[in-house]
Amino acid sequence: MRSFRTAVAGLGCLGVLGAAGCSADAPSGPTTSYQPYVSATAASSGDSAGSPAVYNLAFVISDGSGCTPRWNGTYAVGDTAVTSRIAQLTAGGASVRVSFGGASGKELAATCDSAAGLAAAYAAALDAAGATQADFDIEGDELTDSASIALRSRAIALLQKQRPALKVSFTLPVMPSGLDSGSLALLASANTYDVQVSTVNLMTMNYGESYTGDMGAYALASATAAHTQLKSVFGLSDAAAWRGMALTSMIGVNDVAGETFGLADAAEVRAFAEEKGIAWVSMWSTFRDRPCATGSATDDALTDCSGVTQKDGAFAEAFSGRS
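The working numbering puts the last residue of the sequence shown at 359; the count rises by one with no breaks.
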């Protein structure tokens, strides 16, 4: 997913499901929560729309070449702009998840030189945010860097030994045909080093210029294909594989020509997630959940508005099932 250019120039079983044969049943009743991505430094009018259960704070990456974690590579993890922002987001009872990585800059696993140092960098960001949930958004070149993949897996496993309550999710690109070989290799590495994965979050977006059809249908196809893969990778039952999945859509005009994800698509994804018992749905992002100003530049639809006709917070309402 894109970085915040408004703020800066720019395995074992799925751990939450238990380990006994990896065959946990899906819980009864409506369980799919709404957990959007937000800027860690800048407030948005759409932050509270849909009453999120968890906010994904994006993104912690390297300061450039070392093992120092910084928000968007710029802000210290304990910067008052971030800590005050977190206090505002959690005032109503929601929690926060620190998201490491993203599409821009260097993920810490590519710049740290030891598992212990990397685990300490991750821990510093989590502690500063008061978070017990960590998301690792791995995409682009990071998915083909076997050395950083192994180092990350070792560091996360070490961190979970130090913090048994830490919940870990991986956010990965997907196609309507499913996860690619790089993403599957990353999950295999997590298995090798006994990382306990709570959720695999699928980025149902940016499929390519040949995918100009129904974005909601593509999201459902992607989830269905990945479901089969997750069953195989983690040895899960049907229900447990759905419960170990999350879906994140890029709302409105996507940054691939021809891809527009509308409000009807969001409602379709929400209904599918509820039917299957998927853990949570998300979107990129709260600060885009509003119409663009008349006469705004094309790129604004990628940065701070959706590019489609909507009211403020409409996508949040659709994803939370409140529309």
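Even for Gly, the Cβ is constructed at its ideal location relative to N, Cα and C.
In this structure the region 270-281 does not touch the region 241-248; the number of beta carbon pairs closer than 8 Å is below three. For K142, there is no enclosing alpha helix (DSSP H), as DSSP marks it with neither H nor E. Secondary structure note for T240: it is in no alpha helix (DSSP H), and the uninterrupted beta strand (DSSP E) holding it is V233 to T240. Between the alpha carbons of A159 and G331 lies a distance of about 44 Å. Nearest C-alpha to G349 among K203, A186, P88 and S189: P88. With respect to the 9 Å criterion, D340 and F355 are not classified as neighbours on the basis of their beta carbons. Rounded to the nearest angstrom, the gap between the Cα atoms of G288 and S184 is 33 Å. Here P72 is buried, its C-beta having at least 16 other C-beta atoms within 10 Å. Note that the C-beta distance between M281 and M239 is not below 9 Å. DSSP places M251 within a helical segment (H, G or I) once states are collapsed to three.
G166 is classed as exposed because its beta carbon has fewer than 16 other beta carbons within 10 Å across all chains shown. Per DSSP, Y73 is one residue of the beta strand (DSSP E) stretching across Y73 to S75. Your pair S189 and S219 does not check out as a contact, with CB atoms roughly 13 Å apart and the cut at 8 Å. S258 and N237 have their alpha carbons spaced roughly 11 Å apart. Taken through DSSP and simplified to helix, strand or coil, T67 comes out as coil.
In this model, G176 and A139 are separated by some 7 Å (Cα to Cα). Classified as buried, P209 has 16 or more neighbouring CB atoms from the shown chains inside 10 Å of its CB. Under DSSP, P105 forms a beta bridge with S98.
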